[in-house]
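Asker:
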Amino acid sequence: MKLEQIHSIFLDEASIPPEYQLNDPICQRQYLINGELRYWEGALQESRSPIYVKTSNGLTSKLIGEFPLLTATESLQALDAAVAAYNSGRGVWPTMTVAQRIEHIQEFTYRMRDKRTEIVNLLMWEIGKSYQDSAKEFDRTIDYIGATIDALKDLDRVSSRFVIEEGIIGQIRRSPLGVALCMGPCNYPLNETFSIFIPALIMGNTVVFKPPRPGVMLYYPLLEAFRDCFPPGVVNTVYGQGSVIIPPLMPTGKIDILGFIGSSRAANNLKKQHPRLHRLRCALGLEAKNPGIVLADADLELAVKECILGTLSYNGQRCTALKILFVHRDIVDVFLEKFTEAVKNLKCGMPWEKGVTITPLPEGRAKYFTELVEDAKSLGAEVINKDGGTVNETFFYPAVLYPANQNMKIYTEEQFGPVIPIIPFDDLETPIQYIVNSDYGQQVSIFGTDADLIASLVDPLVNQVCRVNINSQCQRGPDSFPFNGRKDSAEGTLSVSDALRAFSIRTIVAAKDITSNKEMISKIVREHKSNFLSTNFIM
Ligand code: G3H
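Each residue of the sequence shown is one higher than the last, beginning at 4 in the numbering used here.
1. In the region 442-470, which residue ranges form an unbroken beta strand (DSSP E) of at least 3 residues, counting only runs that do not cross its ends?
2. Can we count PRO434 as close to the ligand G3H, meaning its CB is less than 7 Å from some heavy atom?
3. When you get a sec, list the residues whose CB is within less than 6 Å of any heavy atom of the ligand G3H, chain order please.
4. If VAL471 and ILE449 are in contact, beta carbons under 8 Å, what's the gap, nearest whole angstrom?
5. In chain order, what residues of the same chain have a beta carbon less than 8 Å from the beta carbon of PRO365, not counting five sequence neighbours either side?
6. Can you tell me the Cα-Cα spacing of GLY488 and ASN194, whole angstroms?
7. Excluding the 5 residues preceding and the 5 following PHE540 in the sequence, name in chain order all residues of the same chain whose CB lies nearer than 7 Å to its CB.
8. Three or more C-beta pairs closer than 8 Å, one from the region 78-86 and one from the region 231-246: is that the case here?
9. Quick one: what's got a C-beta closer than 6 Å to GLU49's C-beta in the same chain, skipping five residues either side?
10. Short of 6 Å in beta carbon distance, which residues of its chain neighbour THR538, apart from the five on each side in sequence? Order them along the chain.
11. According to the neighbour-count rule (16 or more other Cβ atoms, all chains shown, within 10 Å of its Cβ), is ASP491 buried or exposed?
12. If you drop the 5 nearest sequence neighbours on each side, which residues of the same chain put their C-beta closer than 7 Å to that of ILE508?
13. Determine the closest residue to ARG119 out of LEU73, PHE229, GLU168, PRO224, with distance taken between C-alpha atoms.
14. Which term fits ILE30, buried or exposed, when burial requires 16 or more other beta carbons within 10 angstroms of its beta carbon?
15. Mark GLY420 as exposed unless 16 or more other C-beta atoms lie within 10 angstroms of its C-beta, in which case mark it buried.
16. Examine the Cβ distances between the region 513-528 and the region 163-174 and report whether three or more of them are shorter than 8 Å.
17. Can you tell me whether LEU47 is helix, strand or coil according to DSSP?
18. From the DSSP output, in three-state form, read off ARG489 for me.
19. Measure the beta-carbon distance from ASP300 to ASP453 and round it to whole angstroms, keeping in mind my assumption that it falls under 8 Å.
20. Taking GLN467 as the reference, give the member of PRO294, LEU456, GLN109 with the closest Cα.
21. Rounding to the nearest angstrom, what Cα-Cα distance links ARG284 and LEU261 in this structure?
22. If we call anything under 8 Å between Cβ atoms a contact, is PHE197 one with THR144?
23. Between which two residues does the beta strand (DSSP E) harbouring LEU155 extend?
24. Considering just the uninterrupted stretch of the beta strand (DSSP E) at THR209, what are its terminal residues?
25. Let's see if you can read the secondary structure: which residues bound the beta strand (DSSP E) around VAL403?
26. The alpha helix (DSSP H) spanning HIS331 covers which residue range?
27. Apart from the five residues just before and just after GLY352, which ones in its own chain have a Cβ nearer than 6 Å to its Cβ?
28. Use the C-beta contact count for THR548: other C-beta atoms within 10 angstroms, 16 or more gives buried, fewer gives exposed.
29. Do VAL403 and ILE426 have their C-beta atoms within less than 8 Å of each other?
30. Please state whether the Cβ-Cβ distance between ARG230 and LEU14 is less than 8 Å.
31. Which residues mark the beginning and the end of the beta strand (DSSP E) in which THR510 is found?
32. Since SER137 and VAL123 are thought to touch, with beta carbons under 8 Å apart, how far apart are those beta carbons, to the nearest angstrom?
33. Per the contact definition of three or more C-beta pairs closer than 8 Å, is the region 312-327 in contact with the region 269-279?
34. Give every residue of the same chain whose Cβ lies closer than 7 Å to the Cβ of VAL219, excluding the five residues on either side of it in the sequence, and list them in chain order.
35. With a CB to CB cut of under 8 Å and the five nearest residues on each side skipped, what residues in its chain are close to LEU79?
36. Can you grab the Cα-Cα spacing for the pair GLU140 / LEU287, in whole Å?
Here it is, written out as structure tokens:
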């Protein structure tokens, strides 16, 4: 990448291929409460793309649209609607059979599929994710919903029987918890939001749903499907400034489960506001600072390839990204040479360009990355890749910092972007102590070829983090694998099947094994009088 290419990274309107053009700005005034798309007369918030275009007046960011800046009043109305739809567990949705709820979700998925083109394009424009990754995010979400349905069918089949233990007949199923507040992150505004929203819904909870910012506009094409596919009040959407519309919800004590993917600071603040702490269940995906450890005998081609993917896929804006690299001093020079060469070969550009990796970032992020780089430079690191850290509006060219050390902000702060600190080490205790003392405990990647050494690292590291990746970057997938973290990185587990558990509770109907009870239970089951006490088997 040449400097002049960075300075001319943004294109003019005419250079955008027609299939990726942004349509006229969306003026969204609707929000969904109690099955009605209400019309908002109040203030709107502009949603601007991180993608700039060249105009006769210079570079300007593209306007995607506007959405309602709701207030605490509408937010509380959304909560009331969800509370009423749950109706203390007596609502239509929580008492429906699992098979019926699955039908609603399937209907929603058909409607969602029809909106693929529109949603993928909005996703790309809103967060600057490459077209290829935006399409992958959409498809992965559809697959996630399908896998969730399959997992719930399995769960329900296992629960469709009675057990008799110690003279007690029982049927054990999972029941909903109540009202869920679901908020996902802006780096995976669709996939990660749905990884909490869909399990919450399918288990019979009613939901207040706040889309992330950026990431609001891509939900506009789904509003009617939310309204049409679920009973009134089951899905309610709120928009606006999180600091205005979310704080009023928690103190009511009416939120039963918080599904949140974001920062631990925000999660702590939300939890503290709930008046009955142990009544609030939480499924949280929080920040991480996953290290990569490159051992002296690592296969360097492979290690560099995986470290590039780990640090710079989607500009490093993944909670699972490798955010700090420890490289053995014996091989650090060769590693740096290969790594910076690989950074140089990454394609930078607009998200619709084929094979692009480095794309524009949300407004304000480049300034923060420059601060991190300047701080590291003042404490002894250099930017070792040519033109690293060059900024053009929202575009930030990756900066590789070497040698990084513990005094730098980048050592502990989760950068969430294309700044890569590299630390040389002689003694394995250096990276191990980093992990032990870190506030985070999501994953680690270790690169090496000596089975004894790798094994000796695996055993202690599995007690520090929740996934140890061998010669592979850190990642969430496959979605059937448990996704979680220790310390400030997560609460609960969010795989396809674990998420179903996170948003529900095991509940039993039990009776002493006497003739009159057996006759009554048989009658209830035979005559299909209950949705819970039932041996119906979902095919
Ligand atoms: O932002 C965190 C995501 O869960 C990362 O998912 O590893 O599939 O990119 P991924």
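C-beta: ideal position from N, C-alpha, C; glycine also.
Answerer: The short version:
1. 446-450
2. no
3. ASN190, TYR191, GLU195, ARG321, CYS322, THR323, GLN478, ARG479, GLY480
4. 7 Å
5. PRO53, ILE130, GLY131, CYS189, PRO217, THR397
6. 19 Å
7. ARG160, SER163
8. yes
9. GLU69
10. SER163, VAL528
11. buried
12. ARG177, SER178, LEU180
13. PRO224
14. One point to set straight first is that residue 30 is Cys, not Ile, in the sequence displayed. The residue in question, CYS30, is exposed, as its Cβ has fewer than 16 Cβ neighbours within 10 Å.
15. buried
16. yes
17. strand
18. strand
19. 5 Å
20. PRO294
21. 6 Å
22. yes
23. First-last for LEU155: 134-162, but that is the alpha helix (DSSP H), not the beta strand (DSSP E).
24. 209-213
25. 402-405
26. Run containing HIS331: none in the alpha helix (DSSP H); it sits in the beta strand (DSSP E), 325-331.
27. VAL359
28. For the chain, the structure presents residues 4 to 542; residue 548 sits outside this window and is missing.
29. no
30. no
31. 507-515
32. 5 Å
33. no
34. SER50, PHE70, TYR242
35. PRO251, LEU252, THR255
36. 20 Å
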